[in-house]
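A quick write-up on the structure given underneath.
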Amino acid sequence: MNGTCTYGDYARLPADGRRWELIDGGLLPLESMRPADNRVRARLMCALASLLPEPGTAVILQAPLGLILDATHVVQPDLVIMAAAHRRLISERGIEGPPDIVVEILSQNRAHDEVLKRGLYEKFGVPEYWIVDARARCVDVLELVEGHYRRRAFLRAEDTLTTPQLDGRVNVPLAPIFAEF
Amino acid sequence: MIELLEFTCGRCGAVNRLKFERVLQMQGNPKCGGCREPLLRLLAEPLNAIDPASYTHNLDREALEALGKIPGIKTMLKWLIKNSAEASTRLMHHASFIRVSDKQLPSLYKRFQTAGDRLGMKDLPELFVYQGEQPNASTFGVEQYHVSISTGALDLLDEEEQLAVLGHELGHVQANHVLYKTAARLFSTVASEIAAATLGIGRIIMLPLGAALSRWDRASELTGDRAALLTVRKPEVVLRTLMKVSGGSRTFMPELSIAAFIEQAENFEKLRDETGMSKLLVAYQEVFRSHPFPVYRAREVLDWVSTGAFLEILDGEYTRTDVARTTPCPQCGKPLALGAIICPHCTYGSDEDLKQAEKDAESLGDKLDKGFEDARGWFKRTFSGDEKKDDGDKDKGAQ
Chain H
18 MNGTCTYGDY ARLPADGRRW ELIDGGLLPL ESMRPADNRV RARLMCALAS LLPEPGTAVI
78 LQAPLGLILD ATHVVQPDLV IMAAAHRRLI SERGIEGPPD IVVEILSQNR AHDEVLKRGL
138 YEKFGVPEYW IVDARARCVD VLELVEGHYR RRAFLRAEDT LTTPQLDGRV NVPLAPIFAE
198 F
Chain B
63 MIELLEFTCG RCGAVNRLKF ERVLQMQGNP KCGGCREPLL RLLAEPLNAI DPASYTHNLD
123 REALEALGKI PGIKTMLKWL IKNSAEASTR LMHHASFIRV SDKQLPSLYK RFQTAGDRLG
183 MKDLPELFVY QGEQPNASTF GVEQYHVSIS TGALDLLDEE EQLAVLGHEL GHVQANHVLY
243 KTAARLFSTV ASEIAAATLG IGRIIMLPLG AALSRWDRAS ELTGDRAALL TVRKPEVVLR
303 TLMKVSGGSR TFMPELSIAA FIEQAENFEK LRDETGMSKL LVAYQEVFRS HPFPVYRARE
363 VLDWVSTGAF LEILDGEYTR TDVARTTPCP QCGKPLALGA IICPHCTYGS DEDLKQAEKD
423 AESLGDKLDK GFEDARGWFK RTFSGDEKKD DGDKDKGAQ
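Sequence lines, in order, name chains H and B.
In this text, residue positions in the first sequence follow the numbering used here: the first is 18, and each later residue adds one.
In this text, residue positions in the second sequence follow the numbering used here: the first is 63, and each later residue adds one.
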């Protein structure tokens, strides 16, 4: 897929509630998030926010939100986490450049997160990429090593999520995140 | 190896804890503990319109990307297409192998169709059987693909295992591997030909290309194995096939133990971790020129099943090729081909195209204006006094 759209086109999209991503200059529609996935994201966000209290430590943002990687790549990650020192990346338009951690909750369109966005975050140098699978209740923690993502950990519901990023403050037991209703 | 695999029911949202051992065997569709309905909605169904990216192994993707960056790859592929080795190999297949059809080896052909069906494939390549002790199968072709399987493979493997092998090969077709695979296989001949023609200078250029090709070639087998999994839908069958291919003796067939083979694969992972996985792998990949080790492949199969991806795909959680082809136009909402530059319904498009569209519109306006001008002139000429004068002159002239 190689389109010719740019950020200008992306910014001009009508505000009709539909969300889009601009990848390789092509506009891709985003599915709305399933409630079960949304629940997992909300819980993860709350857990992270309590460990990384604002202001001062980190910034956590969630979609709808434009992560502007370059003129022809604008994506809407489910969660974005960055150290307070990197908050300069935040502008009026969105986030301009790779944040410290990007989190995607796996949707039915799995290749979008596992292949397309993995490739993008790798290319644009996002140091950590967490792929959260709410159905299989696991998290694939990828870290950038010499320009390629390598699996640092594959975590299940009984494990605890940690990262060397953000001064090692993140320490999230996954059981409550993946708990049933 | 993990003992329990957690899987959320797509219907009722209840979390099911499945014994990993039973997931590997997959005897029948497990029932959800919450709603009592079958857990995997597509277990007995074809995976229609599945995008192969849904099961592509990351090493495959990375190796292919690296391959694309090597100078010379495009020239070589072009050479391959132009001098299409296809015609000759295809002729060779037709001349010396048995072509499988509904009239020739019909039960094998049916298995082939089943494999294609399960992967949701509409067009199947040709299938050939060749005489060979080595249990092997391969896929060849540039524009027309053909799968060939050895008699050794057919004799060694039972029906389900044959299905796995056929699914593996069809996976290469579905994932568009075949051109590169053909390139990889023809490479040694091409390289030596070029080396001979250029007094060895070509060899220097061809070396990194050859290394990248063969590295990708092996990584692509891991994607093929996932296609095999999605075809037979019983991980143990794929593991058994790998075991038999790596050391299955017909004499000792009853003594072969899948459990021991899984254990071996587990231990391989430990070995791999102790020695530094990537270095070891890369080193071995350079040394071993053909397929990656079966035990390593078995480990990768187990690993993928344990992530839950295998179950999710069998429940319909995969990227579809038919959904993504069009997207609603951001402006008018009518279907728009993916990557289309401009919407034919409302002319929504990129900056340049908008400008072009404006220019076109302007020139169209100019033309219209000119048309009006002409029409006005004609009207004046025809009906106003000046025109009558003209007419009078003309009349005079005619007289």
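Glycine included, every Cβ here is placed at the ideal spot set by N, Cα and C.
First and last residue of the alpha helix (DSSP H) that includes residue i?
i, result
"residue 122 of chain B", "120 to 131"
"residue 26 of chain H", "24 to 28"
"residue 225 of chain B", "221 to 236"
"residue 172 of chain B", "168 to 180"
"residue 82 of chain B", "82 to 87"
"residue 107 of chain H", "Per DSSP, residue 107 of chain H belongs to no alpha helix (DSSP H) and is neither H nor E."
"residue 57 of chain H", "52 to 68"
"residue 358 of chain B", "356 to 368"
"residue 305 of chain B", "297 to 309"
"residue 376 of chain B", "371 to 376"
"residue 44 of chain H", "Per DSSP, residue 44 of chain H belongs to no alpha helix (DSSP H); it is in the beta strand (DSSP E), 43 to 46."
"residue 138 of chain H", "135 to 140"
If you draw a straight line from the alpha carbon of residue i to that of residue j, how long is it in whole angstroms?
i, j, result
"residue 173 of chain B", "residue 76 of chain H", "55 Å"
"residue 185 of chain B", "residue 47 of chain H", "30 Å"
"residue 105 of chain B", "residue 277 of chain B", "33 Å"
"residue 81 of chain H", "residue 58 of chain H", "13 Å"
"residue 444 of chain B", "residue 435 of chain B", "14 Å"
"residue 28 of chain H", "residue 97 of chain H", "20 Å"
"residue 217 of chain B", "residue 227 of chain B", "13 Å"
"residue 379 of chain B", "residue 148 of chain H", "15 Å"
"residue 246 of chain B", "residue 134 of chain B", "14 Å"
"residue 103 of chain H", "residue 116 of chain H", "8 Å"
"residue 195 of chain B", "residue 139 of chain B", "31 Å"
"residue 106 of chain H", "residue 86 of chain H", "11 Å"
"residue 232 of chain B", "residue 114 of chain B", "11 Å"
"residue 455 of chain B", "residue 428 of chain B", "Note on residue 455 of chain B: pLDDT 47, under 50, position unreliable in the model; the coordinate value appears next. Using only the alpha carbons, I get a separation of about 33 Å."
"residue 188 of chain H", "residue 90 of chain B", "40 Å"
"residue 365 of chain B", "residue 209 of chain B", "28 Å"
"residue 295 of chain B", "residue 374 of chain B", "12 Å"
Please classify residue i: is it buried, with 16 or more other beta-carbons within 10 angstroms of its beta-carbon, or exposed?
i, result
"residue 13 of chain B", "With chain B running from 63 to 461 in the structure shown, residue 13 of chain B is simply not present."
"residue 169 of chain B", "exposed"
"residue 33 of chain H", "exposed"
"residue 377 of chain B", "buried"
"residue 111 of chain H", "buried"
"residue 344 of chain B", "In this predicted model, residue 344 of chain B has a pLDDT of only 49, less than 50, meaning its place in the structure is not dependable; the value taken from the coordinates is given anyway. Flag for residue 344 of chain B reads exposed."
"residue 198 of chain H", "exposed"
"residue 306 of chain B", "buried"
"residue 203 of chain B", "buried"
"residue 384 of chain B", "exposed"
"residue 475 of chain B", "Because chain B is modelled from 63 through 461, residue 475 of chain B falls outside the range shown and cannot be assessed."
"residue 157 of chain B", "exposed"
Considering only their Cβ atoms, is the gap separating residue j from residue i smaller than 8 Å?
i, j, result
"residue 310 of chain B", "residue 318 of chain B", "yes"
"residue 141 of chain H", "residue 157 of chain H", "no"
"residue 370 of chain B", "residue 69 of chain B", "yes"
"residue 23 of chain H", "residue 88 of chain H", "yes"
"residue 159 of chain H", "residue 146 of chain H", "yes"
"residue 91 of chain H", "residue 39 of chain H", "yes"
"residue 281 of chain B", "residue 181 of chain B", "no"
"residue 201 of chain B", "residue 155 of chain B", "no"
"residue 173 of chain H", "residue 77 of chain B", "no"
"residue 361 of chain B", "residue 284 of chain B", "no"
"residue 274 of chain B", "residue 132 of chain B", "yes"
"residue 381 of chain B", "residue 129 of chain H", "yes"
"residue 198 of chain B", "residue 178 of chain B", "no"
"residue 109 of chain B", "residue 225 of chain B", "no"
"residue 94 of chain H", "residue 121 of chain H", "yes"
"residue 303 of chain B", "residue 219 of chain B", "yes"
"residue 192 of chain B", "residue 212 of chain B", "yes"
Have a look at the DSSP bridge pairing and note the partners of residue i.
i, result
"residue 87 of chain H", "H:90"
"residue 199 of chain B", "B:211"
"residue 190 of chain B", "B:161, B:210"
"residue 188 of chain H", "H:179"
"residue 78 of chain B", "B:69"
"residue 120 of chain H", "H:96, H:147"
"residue 194 of chain H", "Answer is none; residue 194 of chain H lacks a bridge partner."
"residue 100 of chain B", "B:93"
What are the boundary residues of the beta strand (DSSP E) that includes residue i?
i, result
"residue 160 of chain H", "155 to 162"
"residue 75 of chain H", "75 to 79"
"residue 380 of chain B", "That residue, residue 380 of chain B, is in no beta strand (DSSP E); it is neither H nor E in DSSP."
"residue 38 of chain H", "37 to 40"
"residue 165 of chain H", "165 to 173"
"residue 98 of chain H", "96 to 100"
Could one say the Cβ of residue i lies closer than 8 Å to chain A's Cβ atoms, at least one of them?
i, result
"residue 31 of chain H", "As a matter of chain content, chain A is missing from the structure shown, whose protein chains are H and B."
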